Amino acid sequence: MDDHQKSLYFLTFLSRVLVFLIVYSTAYLVPSFDSSHKTLGFITSKWSEPLLRWDTFHFLHIAQEGYIYEHEWAFFPGAPLVMRYTGYLAGMLWRKSPDLLATGALAALACDTTQTLYLLALHHLQSKKLAYLAAILSLMSSSPATLRLTPYTEPFFTYFSYRGMLYCTKERWFYASICFALASLFRSNGIMLSGYILWGLIIVPLLGTKMIPWKNIPRSVLYTSMILSPFIYHQCTAYLTFCILPLSSPTLFPNPHSIPQWCNHTFPSIYTHAQKTYWDVGLLRYWTPQQIPNFLLAVPPLGCLLAFCYYILSRSPQLISQMMQQPSAEPRNKSNDQNPSSSPFLNPTLLPHAIHAFIFSLLILFNSHVQIILRVGPSLPFLYFGAAWLVMGDSNEKRGWKWGKMWVGWSLVWGVLSCVFWAAGLPPA
Numbered sequence: 156m157d158d159h160q161k162s163l164y165f166l167t168f169l170s171r172v173l174v175f176l177i178v179y180s181t182a183y184l185v186p187s188f189d190s191s192h193k194t195l196g197f198i199t200s201k202w203s204e205p206l207l208r209w210d211t212f213h214f215l216h217i218a219q220e221g222y223i224y225e226h227e228w229a230f231f232p233g234a235p236l237v238m239r240y241t242g243y244l245a246g247m248l249w250r251k252s253p254d255l256l257a258t259g260a261l262a263a264l265a266c267d268t269t270q271t272l273y274l275l276a277l278h279h280l281q282s283k284k285l286a287y288l289a290a291i292l293s294l295m296s297s298s299p300a301t302l303r304l305t306p307y308t309e310p311f312f313t314y315f316s317y318r319g320m321l322y323c324t325k326e327r328w329f330y331a332s333i334c335f336a337l338a339s340l341f342r343s344n345g346i347m348l349s350g351y352i353l354w355g356l357i358i359v360p361l362l363g364t365k366m367i368p369w370k371n372i373p374r375s376v377l378y379t380s381m382i383l384s385p386f387i388y389h390q391c392t393a394y395l396t397f398c399i400l401p402l403s404s405p406t407l408f409p410n411p412h413s414i415p416q417w418c419n420h421t422f423p424s425i426y427t428h429a430q431k432t433y434w435d436v437g438l439l440r441y442w443t444p445q446q447i448p449n450f451l452l453a454v455p456p457l458g459c460l461l462a463f464c465y466y467i468l469s470r471s472p473q474l475i476s477q478m479m480q481q482p483s484a485e486p487r488n489k490s491n492d493q494n495p496s497s498s499p500f501l502n503p504t505l506l507p508h509a510i511h512a513f514i515f516s517l518l519i520l521f522n523s524h525v526q527i528i529l530r531v532g533p534s535l536p537f538l539y540f541g542a543a544w545l546v547m548g549d550s551n552e553k554r555g556w557k558w559g560k561m562w563v564g565w566s567l568v569w570g571v572l573s574c575v576f577w578a579a580g581l582p583p584a
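Reading the sequence shown from the start, the letters are residues 156 to 584 in my numbering.
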């Protein structure tokens, strides 16, 4: 462990303390805009009540009662399972009714991604200075409350995504697939993580040898299936519950007309149905004048992601050429901070991250509630590589300081405001 990693432990602890103080002081000093946490009958303590906001209502209900309502199937079972089983463990240890919010929050606190991000950045940027900078910038996330404190999907999804990506850098594909499969338990976009497995086992050998790596195809299919399995299982369980059981058990379901319409779709997915019906998610559905403020809020993270994607992808022929000359796709220089490339940010190993970030950003921009990029953006280490690029600039083009200072300033101000908004029950969620 080097000095940077030691200091990151302290800074991570400090950032969590600050988030805790801001959220809890706001919750007790400012009246909540949404009083649902006091009227819906959830059993909480004074310590866990500030955690009961927005989607946490759904996670807590699913953890306590299971999937009861159709709209709840839009949420994957990862976070409710964590709350349920950590609560069960706490009940065994302390022999009293557990506070699922509190135990879930403790599990979220254990998901430290800063060290993993440092190691990822060290691999891809080949500079301890840049890796440390990227890790520091990750502590100033765009949604500290949901990433650092609350039993949301983000702490767990980000943790397992980062760990899987780190295993990919070591070519430990089985362990990477396990981590990505666990990430897919928390968010649907976890299925996109299978791209890193396909990149490492198929694309890199194909570019290096100019031959299809047939021996890797069975492993690729197996590992990709592992990553997709939580999504498929969630959809199949819902299909059995809503579409098959009513037909096979007429005594329990006497009215066959109660079968939802989505059961008759060519690809019956309760996830897409719930997102479209209850959250109005769909292509350009969010592009209305009323949502302009949310688009403005999303500009910094989306702008950083898309700008850095353009920087990398516009140079993809050069990077692919380097990969063809180095079939092993090993980093260019492991010895020190002096990279022989024209820019430390032009490492071919960043290509799969750029492709992933580009596709993900477009999906958020055109097909989702755009402001959720504030919550889910930190699950992409590429965001913080891009932030480091904004701060340090390109060695040839001397860009960076103006936009980098703006990024740091925005991150600090918005990070504090988002904690206040969360505690006060104010959007964006």
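Ideal Cβ placement from N, Cα and C applies to all residues, glycine included.
Quantities reported herein were computed from a predicted structural model and do not represent experimental measurements.
Could you pull the start and end residues of the alpha helix (DSSP H) that residue i belongs to?
i	result
Met381	372-394
Gln480	471-480
Gly246	233-249
Thr364	359-364
Asn449	447-468
Ala290	283-293
Trp544	536-547
His524	That residue, His524, is in no alpha helix (DSSP H); it is neither H nor E in DSSP.
Phe168	158-184
Gly532	Neither: Gly532 is in no alpha helix (DSSP H) and is coded neither H nor E.
Gly221	Segment: none, Gly221 is in no alpha helix (DSSP H) and carries neither H nor E.
Ala300	From DSSP, Ala300 is part of no alpha helix (DSSP H); its letter is neither H nor E.
Pro423	It is not in any alpha helix (DSSP H) - Pro423 carries neither H nor E in the DSSP assignment.
Glu204	It is not in any alpha helix (DSSP H) - Glu204 carries neither H nor E in the DSSP assignment.
Trp328	328-339
Thr271	269-280
Pro253	Segment: none, Pro253 is in no alpha helix (DSSP H) and carries neither H nor E.
Cys323	308-324
Ser349	349-353
Within this structure, are the beta carbons of residue i and residue j separated by less than 8 Å?
i	j	result
Tyr539	Ala289	yes
Pro444	Trp565	no
Ala578	Pro306	no
Pro353	Ser375	Reading the sequence as shown, one finds Leu at residue 353 and not Pro. Their beta carbons are under 8 Å apart, which means Leu353 touches Ser375 by this criterion.
Tyr378	Ser332	yes
Ala512	Leu529	no
Phe526	Asn449	Looking at the sequence itself, residue 526 is Gln, so the reference to Phe does not match. Yes, the pair counts as a contact, with Cβ atoms nearer than the cut-off.
Ile414	Ile382	no
Asp254	Ser187	no
Asp549	Ser498	yes
Thr271	Arg318	yes
Leu545	Met295	no
Phe341	Thr301	no
Gly500	Leu277	The amino acid at residue 500 is misidentified as Gly; the sequence shows Phe. The answer is no: Cβ separation not under 8 Å.
Pro503	Leu457	no
Ile177	Val575	yes
Gly259	Thr241	yes
Tyr273	His159	yes
Gly363	Met478	yes
Phe335	Leu348	yes
Ser573	Tyr441	no
Leu400	Pro583	no
Thr533	Ser297	Reading off the sequence, residue 533 comes out as Pro, not Thr. The answer is yes: Cβ separation under 8 Å.
So residue i and residue j are in contact, right, with Cβ under 8 Å, and what is the actual spacing, rounded?
i	j	result
Gly580	Pro299	That pair is no contact at about 16 Å.
Ile467	Leu505	6 Å
Phe397	Ser343	Going by Cβ atoms, the distance from Phe397 to Ser343 rounds to 18 Å, so no, they are not a contact pair.
Leu215	Leu244	So it is not a contact: roughly 17 Å between Cβ atoms.
Phe521	Leu460	Going by Cβ atoms, the distance from Phe521 to Leu460 rounds to 14 Å, so no, they are not a contact pair.
Ala542	Leu292	4 Å
Glu225	His213	Not confirmed; about 12 Å, so no contact.
So, is the C-beta of residue i closer than 8 Å to a C-beta in chain C?
i	result
Asp267	You won't find chain C in this structure, because it holds only one protein chain.
Specify whether the region 309-318 and the region 256-268 touch according to this definition: at least 3 beta carbon pairs, one from each stretch, less than 8 Å apart.
-> Touching, per the Cβ criterion.
Are at least three pairs of beta-carbons, each pair with one atom in the region 393-403 and one in the region 231-240, less than 8 Å apart?
-> no
Touch check for the region 279-297 and the region 161-173: three-plus C-beta pairs under 8 Å?
-> Counting Cβ pairs under 8 Å, three or more are found: they touch.
Could you tell me whether the region 345-359 touches the region 370-385, using the rule of 3 or more Cβ pairs below 8 Å?
-> yes
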